[in-house]
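In UniProt numbering, the protein residues as written are 1 to 110.
Written as structure tokens, this is what we have:
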């Protein structure tokens, strides 16, 4: 058997080597592009997960804020009711005190 390269001329061997090198470069480039696309898809998936996590955190924060505002509104309502109750008690005590002073004055100076 004879070697394939021995039958070819030097020019043919050179063209074959160039063609082979170009083919290998194209394959290398294709693999690099595929690797970059895979990395971009991975990064995109990570970014989507991060966006979803951020959106979920914002929803949780909104719920917590709404709950805190509801709790504060309830505390304020209780404070208002308490203040109104003590204002009413103060008014009743004032009226009773004035009535007692009036009765005392009428009894002792009449």
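Beta carbons are placed, not taken as given, at the ideal position from N, Cα and C, and that holds for glycine. Please read these numbers as outputs of a predicted model, since none were measured by experiment.
Where the alpha helix (DSSP H) through residue i begins and ends
i          : result
residue 28 : 10–109
Own chain, CB closer than 6 Å to residue i, minus 5 neighbours either side, in chain order
i          : result
residue 18 : none
heavy atom of the ligand FMN below 7 Å from residue i C-beta
i          : result
residue 17 : With respect to the ligand FMN, the structure shown offers nothing to examine, as it has no ligands at all.
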